[in-house]
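Let me begin by presenting the structure, written as structure tokens, before commenting on it.
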Amino acid sequence: MGGPTNNNLETILKTRNLVSDQDLAAAKLEHINTGASLEDILIQRKVLDVGTLTKIKAEEFGIPFIDVNNLEIASYILDLIPETLAVKYQVLPFKEEGMDLDLAMADPLDLQTIAIIEKRATRRIKPFQADPSIIKLVIEQQYTKALGNEVTEALREVSADEEVGVTNIDAMMGTNLSTKNLEDAPVARIVGQILQYAIRTKASDIHIEPGEKQTRIRYRLDGVLVERLNLPGSIHENLVSRIKILSNLKIDEKRVPQDGRFKAQLGSTIIDLRISTLPTVYGEKVVMRLLEGTGKAIGINQLGLRGDGLRKFQANLDKTVGMILVTGPTGSGKTNTIAAALQTVNKPGVNIVTLEDPVEIRVPGTNQVQVNPQAGLTFASGLRSILRQDPNIIMVGEIRDFETAELAIHAALTGHLVFSTLHTKSAAAALPRLYDMHVEPFLLASTINMVIGQRLVRILCTACRKAHPVTDPEFKVISEHLGKFTPNNLKTIQIYEPVGCKVCNDSGFTGRTGIFEVMEMNSKLGESIVDRLPEQEIQIIAIQNGMTTMLQDGFMKVIAGETTIEEVLRVAED
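Structure representation (structure tokens):
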């Protein structure tokens, strides 16, 4: 925060008798030796606390001080400033009079922040000084409380017959929900609110987690899990039962995990939900994965592949036999990559059959099959049937065991192009994983054409991203990871940081893109597989053969202004 100079602060403190001559002299000496501000030194030495100093500075500048604890703030006032913006700039709107908005701020002298908030809220800002040490926590509490108020209001307003736009399409075709004693409007409305928020924010997952006294609701937004709501623990069992009813799960079975699914319609949006329950010490935890019912494949050029990696990928798609593996953790974009590849190789003279769990993205012109283990249709049994369907190209959603791996390799050896995925941290790690499944290394060496490792990073919003010169620490991080790919002019290049605006809902990011490593097989890598070399040695050989690692690809995207150093390290650094 801006404030009095050291000399002015010294005068103020002496006038108010807030600091002894001895403490002040010691602080001044440290200021001379270290260059740190007198204000920071006094706080660090605990001569003054942040709250007291904040009040002093507010009074000196004629800015009113506001105690943000126990404020009662209406939801419509909080709606004027999105939570992401409030957290970023450490501001909290608390009162509105006409076109004037009272705003608690960690730094009310920050005119740039005031201008940003005025533009977003379309109100004149009256700044108030808040205690910087607590305002962040209060912001989180107030916005969480506001979401809770929305749910509470929904419980009051909904009638017994309303479903809040959430319709179980599967249930309409057979299950009579009205016979369930927990089909009451309040619980249905809460589920509707939880789902609506997920749709609005484009969340990929919803976590409903029981605690000792409260139930926590968290959403995975652009790959990051964030807490958005706390509900009374007393409602948890009814909430879970409502979700179980929609998913056709056993309501009275609470001792073992259950998996289910249902389709839901919110307005004009139809989504598929995959439900997983897990018994914990405080009750059943529920995770709901949201899948767009109308998901479509994107083009290869939209994945984020660049340069040599894209060239290798396209070249291997032209092959008619062998195996292509895509690796990465859950939520790393493997499904999109496979779908883009299938769309590319999908031609009138080609028969493509897939086995998926579930079918997330529709690829017209292909034969997509969803596995159903309860009915006996597994990856292994389905693959046996597919081989009798005269396929040219086969896609197996995931290789999970020896039987599936053996059948997939057999298909690749007998004139088919096979696509599949593995849950490994890198492209090189895919091979030891297959060793562990007891697949013969010589078979892997002769069938695998290419292994792709990938992650997803958030893309900077081009409407508000802010450029800055590369700092010395940033130069060190980038050059260490890029190595020979480091541009000669790196010190003069500008990279970008997130800001936040209406376009990106004040997050600073819009969407995600992939960072990749494409490990194309050759004789040297084939020998390393036959020799059962570990992941680290395979990685070294792949890099020597020209593979760009995920981290390198990520830092190239940092230099290109697509993402940030923090994003790349968050998703790709092991």
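FYI, in numbering that gives the first Met the number 0 the residues of the sequence shown are 0 to 573. All C-beta atoms, glycine included, are put in the ideal place defined by N, C-alpha and C.
Check                                                                                                                                                                                  : Outcome
Assign residue 454 to one of three DSSP states: helix, strand, or coil.                                                                                                                : strand
Quick one: grab the DSSP three-state call for residue 165.                                                                                                                             : Any reading at residue 165 needs caution, since the residue's pLDDT is 46, under 50, leaving its predicted position unreliable; the model's value is listed next. Coil at residue 165, not helix or strand.
Tell me the DSSP secondary structure of residue 96 in three-state form.                                                                                                                : strand
Let me know the secondary structure DSSP gives residue 494 once reduced to three states.                                                                                               : strand
Quick one: what does DSSP say residue 60 is sitting in, helix, strand or coil?                                                                                                         : coil
Excluding the 5 residues flanking residue 138 on each side, which residues of the same chain have their C-beta closer than 7 angstroms to its C-beta?                                  : 85, 86 and 91
When you compare the CB positions of residue 448 and residue 287, do they come within less than 8 angstroms of one another, or not?                                                    : no
Among 338, 219 and 205, which one has its Cα closest to the Cα of residue 273?                                                                                                         : 205
Give me the residue from 73, 71 and 57 with the minimum Cα distance to residue 127.                                                                                                    : 57
Could you spell out where the beta strand (DSSP E) holding residue 366 opens and where it closes?                                                                                      : 366-369
Which residues bound the beta strand (DSSP E) around residue 218?                                                                                                                      : 213-220
Do residue 130 and residue 18 have their CB atoms nearer than 8 angstroms?                                                                                                             : no
For the segment 342-410, list the beta strand (DSSP E) runs that are entirely contained and at least 3 residues long, ordered along the chain.                                         : 351-355, 366-369 and 392-395
Determine the direct distance from the alpha carbon of residue 67 to that of residue 15, and round the result to whole angstroms.                                                      : 25 angstroms
Expressed to the nearest angstrom, what Euclidean distance is found between the alpha-carbon atoms of residue 568 and residue 463?                                                     : 22 angstroms
Only counting the same chain, and skipping five residues up and downstream in sequence, which positions put a Cβ closer than 7 angstroms to that of residue 54?                        : 64
Inspect the beta-carbon positions of residue 395 and residue 354 and report whether they are closer than 8 angstroms.                                                                  : yes
First and last residue of the beta strand (DSSP E) that includes residue 123?                                                                                                          : 123-128
Could you tell me which of 344, 82 and 122 sits nearest to residue 97, measuring between CA atoms?                                                                                     : 122
Given 8 angstroms as the limit, is there contact between the segment 464-479 and the segment 489-509, that is, 3 or more CB pairs closer than that?                                    : yes
Mind checking who residue 417 pairs with in its DSSP beta bridge?                                                                                                                      : 322 and 393
So, is residue 552 buried or exposed, given that buried needs 16 or more other C-beta atoms within 10 angstroms?                                                                       : buried
Work out the CA separation of residue 220 and residue 506 for me, nearest whole Å.                                                                                                     : 10 angstroms
Please return the same chain residues whose Cβ sits closer than 8 angstroms to the Cβ of residue 599, not counting the five positions on each side in sequence.                        : The chain is shown only over 0 to 573; residue 599 falls outside these bounds and no answer can be derived.
Do residue 362 and residue 338 come within 8 angstroms of each other at the CB atom, strictly closer than that value?                                                                  : yes
Just to confirm my understanding: we take residue 398, look at its own chain, exclude 5 residues before and 5 after, and list those with CB closer than 7 angstroms. What are they?    : 404, 407, 419 and 421
Using the three-state DSSP reduction, which class does residue 511 fall into: helix, strand or coil?                                                                                   : strand
Skipping 5 residues on each side, what residues in its chain have a beta carbon closer than 7 angstroms to that of residue 574?                                                        : An answer regarding residue 574 cannot be provided, because it is not within the stretch 0 to 573 covered by the chain.
In three-state terms, what does DSSP make of residue 187?                                                                                                                              : helix
For the alpha helix (DSSP H) containing residue 314, list its first residue and its last residue.                                                                                      : 306-316
Going by C-alpha to C-alpha distance, which of 436, 460 and 350 sits closest to residue 414?                                                                                           : 350
With a cut-off of 8 angstroms on the beta carbons, I'd call residue 246 and residue 259 a contact; round off their distance for me.                                                    : 3 angstroms
Do you know how far the Cα of residue 400 is from the Cα of residue 379?                                                                                                               : 9 angstroms
Excluding the 5 residues preceding and the 5 following residue 88 in the sequence, name in chain order all residues of the same chain whose CB lies nearer than 6 angstroms to its CB. : 112
Taking contact to mean 3 or more Cβ pairs, one atom from each stretch, closer than 8 angstroms, check whether the segment 296-307 and the segment 325-342 are in contact.              : yes
Give the range of the alpha helix (DSSP H) segment to which residue 239 is assigned.                                                                                                   : 235-246
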